[in-house]
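Per this note's numbering, the sequence shown starts with residue 2, numbered consecutively. The C-beta atom is built at its ideal place from N, Cα and C for all residues, glycine as well. Before any comments, here is the structure.
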Amino acid sequence: MKKLIIFAFIGFLAQLIDGSLGMAYGVTSTSLLLAFGMSPAIASASVHLSEVVTTAASGVSHIKFGNVDKKMVYRLIIPGSIGAFIGATFLSNIPGELVKPYVSIFLLALGIYVVIRFLVLYKPSEEKKGTRLSVKQSIPLGFIAGFFDATGGGGWGPIATPVLLSKNGMTARKVVGTVDTSEFAIAVSATLGFFISLGWEAVQWQWVIALMIGGIIAAPIAAWLVRIIPAHLMGVSVGGFIVLTNSRTLLHTWVGNEHLYPYIYGTIIILWIGAIFLTINKFKHVEKASKAA
């Protein structure tokens, strides 16, 4: 019973982070299941099954609060669903752990860019102009993000969110809402792929239900948080989270000296917090100047 309560809490926390930052449900939940001894394929299957429900709840909440770009959702779900189905079906034969560090390097660089863009380059007026991701660009993005989401137990948000944030045509809250809403189709496709290759009996249903309950409770809270948090603060927060999570992947893959981990994590967290405070102070001055004018 204690284990189920823990899983419900993890589902709540993971969805709260995912629903407000556009990523981390799969990464958090899959890491927990792996820690309890599940194989990567079964852990990913369980997480995606729970995401069918949690992403539906999250999507409805984001739509209700006006956080979704519906055109972008339609552009992403078809290639994303195809990529997720293929990734789930062939997970046992794909060396996902070998590819993951190289994806993390790309995401780390993109995360740094997102922080710089919202800290230094961002202007409130750009929310009303700019260009969205084109159809030609959204197809490979959706496919790659869906594929790695299924093979790694999480990847739709970490890949899709920073790429969309790097474009000027969408606000930060709409990026998060769009990514979370479109993830429902990816979760369904990945789940179908896993069931075809693994079967229903492989899933730990009690754990899945516990994750679902926690996620459903957190979904509307997260969607509300996205609505009230300023775009520039959301962008810097998401960018820092991307840098931190992908640094962890790279450290565990290529740095054998674990004694260095706390110093590296500490440095990243200090810089991240500093960037958040700089962002808050910068836009306080901008607001004062605009009111004075």
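Residue environment, residue i, which counts as buried when at least 16 other CB atoms sit within 10 Å
i	result
residue 331	As displayed, the chain neither begins before 2 nor continues past 294, which places residue 331 out of reach and without an answer.
residue 175	buried
residue 37	exposed
residue 33	buried
residue 263	exposed
residue 247	buried
residue 243	buried
residue 268	exposed
residue 63	buried
residue 78	buried
residue 261	exposed
Straight-line Cα distance separating residue j from residue i
i	j	result
residue 150	residue 122	30 Å
residue 204	residue 231	40 Å
residue 136	residue 181	19 Å
residue 129	residue 289	Because the pLDDT of residue 129 is 48, which lies under 50, any placement of that residue in the model is unreliable, and the number read from its coordinates should be weighed accordingly. Each residue's Cα considered, the two are about 21 Å apart.
residue 141	residue 167	16 Å
residue 225	residue 85	28 Å
residue 131	residue 160	Here residue 131 scores only 48 on pLDDT, less than 50, and its place in the model should not be relied on; the value that follows carries that caveat. Whole-angstrom Cα-Cα distance: 21 Å.
residue 139	residue 162	12 Å
residue 266	residue 192	34 Å
residue 227	residue 55	17 Å
residue 277	residue 270	11 Å
residue 115	residue 177	14 Å
residue 76	residue 144	11 Å
residue 148	residue 28	14 Å
residue 1	residue 92	Because the chain is modelled from 2 through 294, residue 1 falls outside the range shown and cannot be assessed.
residue 283	residue 153	38 Å
residue 35	residue 229	35 Å
Contact set for residue i: own chain, Cβ-Cβ below 6 Å, skip 5 residues either direction
i	result
residue 209	47, 50, 51
residue 179	69, 70, 73, 74
residue 43	203
residue 194	86, 89, 90
residue 286	none
residue 200	none
residue 26	15, 16, 19
residue 134	168
residue 273	241
Closest by C-alpha distance to residue i, when choosing among the options
i	options	result
residue 107	87, 213, 146, 44	146
residue 111	76, 87, 164, 120	164
residue 184	53, 273, 276	53
residue 18	260, 223, 270, 259	223
residue 5	117, 61, 214, 62	214
residue 155	282, 30, 11, 283	30
residue 275	143, 234, 10	234
residue 11	92, 115, 206, 218	218
residue 60	92, 21, 241	21
residue 117	241, 229, 144	241
residue 3	45, 272, 207	207
Cβ pair residue i, residue j closer than 8 Å
i	j	result
residue 157	residue 187	yes
residue 66	residue 237	no
residue 82	residue 190	yes
residue 216	residue 8	no
residue 105	residue 250	yes
residue 23	residue 239	yes
residue 254	residue 102	yes
residue 211	residue 58	no
Sequence-distant residues of its chain with Cβ nearer than 8 Å to residue i (five each side left out)
i	result
residue 109	243, 244, 247, 248, 251
residue 259	none
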